[in-house]
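Student:
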Amino acid sequence: MNKISGYIFTFLAIGVAGYAVVQYFIIGVDHAGLVQMKLMSLSKLSTFWYVMLFIHIAGSIVALAIGPFTLSATFREKSIIRHKRIGKLYMLGILFGGISGLYLAFYATGGLAGKLGFGSLSVFWLVSAYQALARIKANRVNDHQQWMIRNYSLTFAAVTLRIWLPLFMLVLGLERFELSYAIIAWLAWIPNIVIAELYIQRRLIKKQVSTLPAHPTVVE
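Under my numbering, think of the first position of the sequence shown as 150, with each following residue one higher.
1. Less than 8 Å between the CB atoms is what I'm expecting for F158 and P217, so what's the real figure, rounded?
2. Have a look at H232, L238, S209 and L265 and flag the residue whose alpha-carbon is nearest the alpha-carbon of G246.
3. Can you give me the C-alpha to C-alpha distance between L282 and E324, rounded to a whole angstrom?
4. Here's the rule I'm using: 16 or more other beta-carbon atoms within 10 Å means buried, otherwise exposed. How should N151 be labelled?
5. Under a three-way DSSP split, which group does L213 fall into?
6. Between I342 and I176, what straight-line distance do the alpha-carbon atoms span, to the nearest angstrom?
7. In this structure, how does DSSP classify L161 when only helix, strand and coil are distinguished?
8. Taking the alpha-carbon positions, what's the L347 to M201 distance?
9. Among R351, W296 and K264, whose alpha-carbon lies nearest the alpha-carbon of L328?
10. For G236, name the three-state secondary structure that DSSP assigns.
11. Cβ atoms of I235 and T223: under 8 Å apart, would you say?
12. When you compare only the Cα positions, how much space is there between N291 and M186?
13. I need the DSSP call for T366, collapsed to helix, strand or coil.
14. Would DSSP call K152 helix, strand or coil?
15. Here's a check: name, in chain order, each residue in its chain whose Cβ is nearer than 7 Å to the Cβ of H205, leaving out the five neighbours to either side.
16. Taking the alpha-carbon positions, what's the S195 to A181 distance?
17. Are the beta-carbon atoms of V211 and L183 separated by less than 8 Å?
18. Got a sec? Which residues, its chain only, sit under 7 Å from I163 by beta carbon, not counting five neighbours each side?
19. For my contact list, W335 and G266 are in at a C-beta cut-off of 8 Å; report their separation, rounded to the angstrom.
20. Cα separation between N288 and Q294?
21. Buried or exposed for Y330, please, with buried defined as at least 16 other CB atoms from any protein chain shown within 10 angstroms of its CB.
22. Please go through the same chain and pick out, in chain order, the residues whose beta-carbon is closer than 7 Å to the beta-carbon of Y156, but skip the five residues on each side of it.
23. By how many angstroms is the C-alpha of K356 removed from the C-alpha of I349?
24. Going by alpha carbons, who is nearest to A278 out of E226, Y301 and Y256?
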């Protein structure tokens with residue numbers, strides 16, 4: 150990833166994290182568009198649902214905002230101790246965000262497709278975080294970095310969801326919101342993980358090429 154792409158990537162992540170703070174913790178959760186749409190189909194949401202939503206939002210904000218720094222080689226090389234500390238904070242964000250997200254998936258808009266889409270996202274989010282943690286504990290740094298890339302591509306679903314949502318509203322309209330959300334429940338993260346995997350494979354190929362022995366020039 151070049152510097153410009155990295156800056157855009159980080160800007161989007163921090164921007165959406167900041168938006169979530171303002172929307173859910175300052176303006177108020179019931180004023181959020183997604184919650185308002187849910188209240189249109191349900192007369193009331195339980196107190197426990199709101200608690201889990203706040204846990205999910207808080208955990209996701211932490212992971213989304215600090216994720217780009219955990220992936221930054223420059224940030225890591227400046228202070229490995231600081232890298233480890235924010236890495237632990239990132240994992241806590243995933244733990245709380247993933248478990249609460251799995252609960253919220255059972256109440257997701259979009260019918261069964263929406264529930265399965267967001268439920269799968271939460272499961273893969275937690276599993277990929279565990280894989281990254283297990284690799285670094287085994288001192289398999291390269292494997293750890295690869296799993297962190299996969300994991301953050303799923304964290305970044307918070308951004309891609311908010312990119313797809315207005316596009317679907319423009320094309321399908323508000324009256325077909327449930328259909329749109331059922332599609333976005335999958336579209337928000339599957340392309341992300343595919344792109345992440347392609348990026349990982351590209352890095353591996355570059356690394357393999359760079360380690361090939363140079364062939365001596367034969368002079369006749």
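Glycine residues also receive a C-beta, built at the ideal position from the N, C-alpha and C atoms.
Tutor: Walking through what the data contain:
1. 6 Å
2. S209
3. 43 Å
4. exposed
5. helix
6. 32 Å
7. helix
8. 34 Å
9. K264
10. helix
11. no
12. 43 Å
13. Unreliable positioning characterises T366 in this predicted model, as indicated by a pLDDT of 47, which lies under 50. The coordinate reading is nonetheless provided below. Reduced to three states, the DSSP call for T366 is coil.
14. helix
15. G246, S249, G250 and L253
16. 16 Å
17. no
18. A214
19. 4 Å
20. 11 Å
21. buried
22. none
23. 11 Å
24. Y301
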